[in-house]
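Data block below; observations after.
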Amino acid sequence: MESKDEIVKTIPRTFYERDTVKVARDLLGKKLIRTIGKQTISGIITETEAYRYSDDPASHAYRGLTSRNRAMFEQVGKAYVYFTYGMYFCFNVVARNQNFAAGAVLIRGLKPEKGIDIMKKNRGIDKIANLTNGPAKLTQALRITKKQYGVDLAKKSELFLMDGIDRKKIFASKRIGIKNGLHKLWNFKISI
DNA sequence: ATGCAGATTGACT
DNA sequence: GTCAATCTGCATA
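See below:
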């Protein structure tokens, strides 16, 4: 029997084969793990946003398949990373049920757990509260770039997800930084 | 302390 | 042409 710390249980593929909105809610409290060589960086997911398909004008997949959003149409449980604002990356988890051809959950916030010193270095700042409290901040802290496009998060690798903590209250609100589809309350948060 | 303008780049319509 | 997140610096009260 391995020691308890060595047992890493990832989240099964079936978890991601459900309505994108449901997966977004259920991703709250899960752990995101990033391994770079011997180093491990991890955090608890505290904020997510669901982006669906042709019913969702704010989604990258709204107008169909392109080379950028390709991952949203491919296997669930993989990473969709895109470049934004000329200097940042955003990290999404592909998730959808049979009714949709595409869908992904944007991870907007984490609570830092392991590797906080590495995150500080990656971000060039010292204040823990500002390390991963934004979609482009967390990709910087975990060094997620286009290189991680399509990485399988359901398998233990350089980047994956596993079960985390019990969630208390979940707050639903409008999604941030978009112009269309604002009536949908598909932004989910927890406070830890 | 709070808040707002400016800068930055690539994908898509 | 439009649209995305974050940091910085400068103004305000």
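All the letters of the first sequence, read from the start, carry residue numbers 11 to 202 under our numbering.
Beta carbons: idealized from backbone N, C-alpha and C, even for Gly.
Please read these numbers as outputs of a predicted model, since none were measured by experiment.
Open item on the list: Just to confirm the assignment: which complete beta strand (DSSP E) runs, minimum length 3, are found wholly within the region 110 to 172?
Closed with: 114 to 122, 169 to 172
Open item on the list: Considering only DSSP beta bridges, list what Asn102 is partnered with.
Closed with: As a position in the first sequence, residue 102 is number 92, starting the count at 1. Paired residues: Tyr90, Leu116.
Task: Whether Tyr26 touches Gly87 by CB criterion (8 Å) - done: Residue numbering aside, residue 26 sits at position 16 when the first sequence is read from its first letter. Residue numbering aside, residue 87 sits at position 77 when the first sequence is read from its first letter. Contact flag set, yes.
Task: Sequence-distant residues of the same chain with beta carbon closer than 6 Å to Gly174, five excluded per side - done: Along the first sequence, one-based indexing puts residue 174 at 164. Excluding sequence neighbours, Gly174 sits near Gly39, Lys40, Lys41, Ile54.
Task: Whether Pro145 touches Ile180 by CB criterion (8 Å) - done: By 1-based counting over the first sequence, the position of residue 145 is 135. By 1-based counting over the first sequence, the position of residue 180 is 170. Result no, Cβ atoms of Pro145 and Ile180 do not sit closer than 8 Å.
- [ ] Would you mind working out which of Gly160, Lys165, Arg177 sits nearest Asn102, comparing C-alpha positions?
- [x] Position 92 of the first sequence holds residue 102. Checking every option, the nearest Cα to that of Asn102 belongs to Gly160.
Open item on the list: If the criterion is Cβ atoms closer than 8 Å, does the pair Arg44 and Leu171 meet it?
Closed with: Counting from 1 along the first sequence, the entry for residue 44 is found at position 34. Counting from 1 along the first sequence, the entry for residue 171 is found at position 161. No, Cβ-Cβ distance for Arg44 and Leu171 is not below 8 Å.
Task: Enclosing alpha helix (DSSP H) for Lys41 [first to last residue] - done: For the purposes of this step, residue 41 is identified with residue 31 of the first sequence, where counting begins at 1. From DSSP, Lys41 is part of no alpha helix (DSSP H) but of the beta strand (DSSP E) over 41 to 46.
Task: Distance CB(Thr155)-CB(Phe99) smaller than 8 Å - done: Counting from 1 along the first sequence, the entry for residue 155 is found at position 145. Counting from 1 along the first sequence, the entry for residue 99 is found at position 89. The answer is yes: Cβ separation under 8 Å.
- [ ] Report the rounded CA-to-CA distance for Glu123 versus Pro67, giving the unit in angstroms.
- [x] Here residue 123 refers to the residue found at position 113 of the first sequence. Here residue 67 refers to the residue found at position 57 of the first sequence. So the alpha carbons of these two residues sit roughly 35 Å apart.
TODO: Indicate whether Ala105 and Tyr63 have their beta-carbon atoms separated by less than 8 Å.
DONE: To locate residue 105, count along the first sequence from 1; it is residue 95. To locate residue 63, count along the first sequence from 1; it is residue 53. Not in contact: Ala105 and Tyr63 (Cβ atoms no closer than 8 Å).
Open item on the list: Based on DSSP bridge pairs, tell me the residues matched to Tyr61.
Closed with: Residue mapping note: residue 61 aligns to position 51 of the first sequence, counting from 1. Tyr61 is bridged to Ala114.
Open item on the list: In whole angstroms, give me the CA-to-CA distance for Lys222 and Ser201.
Closed with: Any question about residue 222 goes unanswered here, given that the chain covers just 11 to 202.
- [ ] Report yes if the CB atom of Gly113 is closer than 8 Å to the CB atom of Tyr72, and no otherwise.
- [x] As a first step, residue 113 is located in the first sequence; it is residue number 103 there, counting from the start. As a first step, residue 72 is located in the first sequence; it is residue number 62 there, counting from the start. Taking 8 Å as the Cβ cut-off, Gly113 and Tyr72 do not qualify as a contacting pair.
TODO: Determine the contact status of Thr24 and Lys166, defining contact as a CB-CB distance below 8 Å.
DONE: Walking along the first sequence from the start, residue 24 turns up at place 14. Walking along the first sequence from the start, residue 166 turns up at place 156. Not a contact, by the Cβ cut-off of 8 Å.
- [ ] Could you pull the start and end residues of the alpha helix (DSSP H) that Phe83 belongs to?
- [x] For the purposes of this step, residue 83 is taken as residue 73 along the first sequence, with counting starting at 1. First-last of the alpha helix (DSSP H) with Phe83: 80 to 83.
TODO: Report the three-state DSSP secondary structure of Lys178 (helix, strand or coil).
DONE: Residue mapping note: residue 178 aligns to position 168 of the first sequence, counting from 1. Looking at Lys178 - three-state DSSP - the assignment turns out to be coil, as it is neither helix nor strand.
Task: Span separating the alpha-carbon of Asn197 from that of Asp162 - done: Position 187 of the first sequence holds residue 197. Position 152 of the first sequence holds residue 162. Roughly 24 Å separates the two Cα atoms.
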